[in-house]
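Student: Please see the structure below; I have some questions.
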Amino acid sequence: MNSPVSLAKQGDVAVISVDNPPVNALSQAVRAGLISCLLSAEQDDAIKAIVIHCHGRTFIAGADISEFGKPPLTPHLPEVLAKIDACAKPVVAALHGNVLGGGFEVALSCHYRLAVKGTKLGLPEVTLGLIPGAGGTQLLPRIAGVERALTMITSGKPALAESLVDCGVIDQLLEKSSTDDLLTQVISYAQELIKQNKGVRPTSQLDVGKTSYALDTFVKWRTKLSKKARGQQAPQCCIDSIENATLLPFKEGMLKERAMFVTCRDSSQSRAMRHAFFAERKAAKLPTPSADNPDLPALNIDAVAIIGAGTMGGGIAMCFAKAGISVKLLEMSEENLARGIKAIRERYNQALKRGLMTETQLENCMALIQGTCDYQDLTDVDLVVEAAFETMAVKQQIFSKLDEVCKADVILASNTSYLDINEIAKATNRANKVLGMHFFSPANIMKLLEVVRADATDEQTIKTVMALGKKIGKITVAVNVCYGFVGNRMYACYGREANLLLLEGASPEQIDNAMHKWGMAMGPLAVNDMSGIDIAYKARQENPNLPDDPAYFQAANLMVEAGRLGQKTGAGFYQYDKETGRRIADEKVLAIFHEQANSLNIRQRDDITDEEIQNRLIFALINEGANILSEGIATRASDIDVIWLNGYGFPRHLGGPMCYADEVGLDKVVATIKEYQQQLGDQYWQPAPLLLELISQNKKLI
Ligand code: 3H9
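My numbering runs 20 ahead of the 1-based position in the sequence shown.
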């Protein structure tokens, strides 16, 4: 079998080339190839220096993640790195594209590093529930100092090569050029090293500068990350291992790092985070054969229109402008339009203040957004996203108008969170071009985009919008039509239990604290206050299939009817301090729920535990997810996880509700659901048939 690593000679320089598409991951064959080429070059007396470089669009982007969880194959990566570090001839890394994880570790163990401007370097292991396992925590602090290593390793965020020159990671920056040019430049650099008699520079022999960090550095980082990465073990292991670099000889530090890496790799947290990584990539792929059909290419979308310049419409406009796509923003009145455009500028200004964009980028984005109150201005756009009021009548009226004025092949999308896209499509004469694009608020920040396929939506339309989602930086998941689609339909079950528990005697803070403790980014009632309790209230009024139950979301209904719409009115499930906006518990709401419980004959209890709250909310979610899957609303269980991880603050280290259900054990999930069925009745608590079927076949959801 051909090795993905080859060796060539250019005079007295050996060039080791890796060619393992798509991202030159460090598979077993690459690791073995690197060692064998390195040994050949070392043993060749004519060779005085060695260059490691990669074909394709990137340097090595890391270990092959798909190998984790399988029996490990030799040679292990630390062995490869030890050979590079100890090589008797100078080894130069030629860097471009993404230099990540094990790839960055390879580069750090080389004696010199050259990078094309714009190259991204980083150790993203922590985002996979891991710590760098081939020396990252021992090598980086030795080169760049402890603080820099802590920042890069615990965040997992890559840095641009330009920012890594001062700290010594990059020896020389090269102008952007083709990969061949890069190689030529790095070979000349190696020849210059030979001429100047510059030898090896083993990173293992560098000292971690004692001045590069303060005495309490590690304590401070541990405290900071115990809040920021709540519940995750890998970030704390990263800190421990970097601290080891300051305390132990290199070899000992390496052994300890490896042991921690193996513990993390074999943990449920890392399994869940690796599942999330692959699930997100799989979600972007359409399951239909036409997805790969070159005769059905995705259409170009160069100009879009957004209907409605409110919070949602404005946020969606920002997403397109940020990706360089021109936007026509349509509002009913000049006054609303001016308000909407002003709000967009303010939101961009916040991004500017936080260093997320430059002033030039801000002005470029603003220049791409043009306001209008006239539908006739939309005749030449390629896509329209409607983000108007959430009522069917309004939406049908808008779609009928769009059908009249827009060009023949325009795609018409609705940003509805709940409504039936098939009904909306009926207002047009081009149902094949109509679909849902469900953005999440704030649309310019949230990563998730549910792409809702209606009965008549054609393949090219779906394919175009999925590709467009990726272009504007979203994680796109294709789903089918039902009330609330995947995310909000499941959220309704989760929220339903929170609302019922309020009537049963739990307080808003008890519910929110229990869910926060469990791992959710925010509790459901705090989220509801933030987004506005009236939004789902209005949506429920449009829902033709509400359950026959006076207690269903009654706690939320009572808040709305009392004018407590959430943060925007200063009170909802909580009160909000006028000055600071801080959330404060409010006895008044407990009295409202108490009275309602009495009138509905619901017994209030004081024995509700955190565990009951957590199980009722999460198991309701899992059960509905399983129903959604068997109805074909979601294509894959992993798609459901992607939606919950990116749209609803589900903890990544638990992998999403479906992955979590597998981890708990489907038999345990069903046993608990059956207990609730006994205690609370079977209106809401009946095990999903799919769960029963999977248990009987000894299968899992993922
Ligand atoms: C590590 O290195 C541990 C070490 O410290 C120690 C070891 C002992 N492995 O994202 P894309 C696949 S941990 C396997 O769509 P892009 C990906 O699944 C690793 N497969 O492209 C997809 O496959 P498919 C640390 C990988 O251009 C295809 O490549 N490294 C890997 O948008 C294209 O991917 C990381 O965490 C991999 N490492 O983004 C980096 N990487 O087409 C992870 C990608 O079948 N990778 N694939 O769906 C990334 O962040 C992005 O892929 C990258 C390119 C930025 C490189």
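Every residue gets a Cβ at the ideal spot worked out from N, C-alpha and C, and that includes glycine.
#1: Please classify L235 as buried or exposed, where buried requires at least 16 neighbouring CB atoms within 10 angstroms.
#2: When the Cα atoms are used, what is the spatial distance from Y368 to A463?
#3: Determine the contact status of D84 and A45, defining contact as a CB-CB distance below 8 Å.
#4: Hey, which unbroken runs of the alpha helix (DSSP H) at 4 residues or more fall wholly within the stretch 631 to 713?
#5: Is G685 buried or exposed, if buried means 16 or more other CB atoms sit within 10 Å of its CB?
#6: Could you tell me whether the Cβ atoms of V808 and E479 are closer together than 8 Å?
#7: According to DSSP, which residues form a beta bridge with K140?
#8: Can you tell which of M280, A34, Q30, R51 has its C-alpha closest to the C-alpha of N40?
#9: With C-beta atoms as the reference, is D423 less than 8 Å away from N449?
#10: Would a C-beta distance cut-off of 8 Å place I492 and A343 closer than the cut-off?
#11: Under three-state DSSP, which class holds I431?
#12: Between which two residues does the alpha helix (DSSP H) containing E479 stretch?
#13: Going by beta carbon distance, what residues of the same chain come within less than 6 Å of S224, once the five residues before and after it are set aside?
#14: Does any heavy atom of ligand 1 sit closer than 7 Å to the C-beta of R656?
#15: Report the option in G149, Y132, L143 whose CA atom is closest to the CA atom of E212.
#16: DSSP three-state call for A526: helix, strand or coil?
#17: For S346, which residues does DSSP report across the bridge?
#18: To the nearest angstrom, how far is the alpha carbon of K177 from that of D397?
#19: With DSSP as the reference, label L160 as helix, strand or coil.
#20: What I want to know is whether the C-beta of A83 ends up closer than 7 Å to one or more non-hydrogen atoms of ligand 1.
#21: Just to confirm before moving on: does the CB-CB distance between L522 and D532 stay below 8 Å?
#22: Do the CB positions of A325 and K302 come within less than 8 Å of each other?
#23: Going along the chain, which unbroken runs of the beta strand (DSSP E) with 3 or more residues stay wholly within the stretch 361 to 438?
#24: Using DSSP's beta-bridge definition, name the partner residues of T283.
#25: V146 to R221, Cα distance in whole Å?
#26: Can you give the Cα-Cα distance for N217 and S208, rounded to whole angstroms?
#27: Using 8 Å as the threshold, is the C-beta distance between F419 and L439 below it?
#28: Which of the three DSSP states is assigned to S716 in this structure?
#29: Which residue marks the beginning of the alpha helix (DSSP H) containing N500, and which one marks its end?
#30: Pairing CB atoms from the stretch 164 to 184 with CB atoms from the stretch 311 to 321, are three or more of them under 8 Å?
#31: Quick one: grab the DSSP three-state call for F459.
#32: In the stretch 49 to 102, which residue ranges form an unbroken beta strand (DSSP E) of at least 3 residues, counting only runs that do not cross its ends?
#33: Answer yes if the stretch 109 to 124 comes into contact with the stretch 252 to 264, meaning at least three C-beta pairs across the two stretches below 8 Å, and no otherwise.
Tutor: With the given structure in hand:
#1: It counts as exposed.
#2: Annotation: Y368 to A463 spans about 13 Å, alpha carbon to alpha carbon.
#3: Yes, they are a contact pair.
#4: Fully enclosed alpha helix (DSSP H) runs of 4 or longer: 657 to 667, 677 to 684, 686 to 700.
#5: It is exposed - the Cβ of G685 has fewer than 16 other Cβ atoms within 10 Å.
#6: Outside the shown range of the chain (21 to 722) lies residue 808, about which nothing can therefore be said.
#7: According to DSSP, K140 bridges with N118, L180.
#8: Nearest option by C-alpha distance: R51.
#9: Cβ atoms of D423 and N449: closer than 8 Å.
#10: The answer is yes: Cβ separation under 8 Å.
#11: Looking at I431 - three-state DSSP - the assignment turns out to be strand.
#12: From DSSP, the alpha helix (DSSP H) with E479 extends over 479 to 491.
#13: Sequence-distant partners of S224 (beyond 5 residues in either direction) whose C-beta falls short of 6 Å from its own C-beta, in its chain, are D105, F270.
#14: False, no ligand heavy atom lies under 7 Å from that Cβ.
#15: The closest CA to that of E212, considering only G149, Y132, L143, is found on Y132.
#16: A526 falls in the coil class under three-state DSSP.
#17: Paired residues: A323.
#18: So the two alpha carbons sit approximately 42 Å from each other.
#19: In the structure shown, the three-state DSSP call for L160 is helix.
#20: In terms of side-chain proximity, the C-beta atom of A83 is found nearer than 7 Å to a non-hydrogen atom of ligand 1.
#21: No; because the gap between Cβ atoms is not below 8 Å, this pair is not in contact.
#22: With contacts defined as CB atoms closer than 8 Å, A325 and K302 fail to qualify as a contacting pair.
#23: With a minimum length of 3 residues, the continuous beta strand (DSSP E) runs that stay inside the stretch 361 to 438 are 389 to 392, 403 to 406, 431 to 434.
#24: T283 pairs with nothing; no bridge assigned.
#25: When rounded, the distance between both Cα atoms is 28 Å.
#26: Whole-angstrom Cα-Cα distance: 14 Å.
#27: Taking 8 Å as the cut-off, the beta carbon of F419 is found no closer than this to the beta carbon of L439.
#28: Reduced to three states, the DSSP call for S716 is helix.
#29: From DSSP, N500 is part of no alpha helix (DSSP H) but of the beta strand (DSSP E) over 495 to 500.
#30: Cβ pair count under 8 Å is below three, so no.
#31: F459: strand per DSSP, three-state reduction.
#32: Counting whole runs of 3 or more residues, the stretch 49 to 102 contains the beta strand (DSSP E) stretches 69 to 74.
#33: Contact check between the stretch 252 to 264 and the stretch 109 to 124: fewer than three CB pairs, one atom from each, fall below 8 Å, which does not count as touching.
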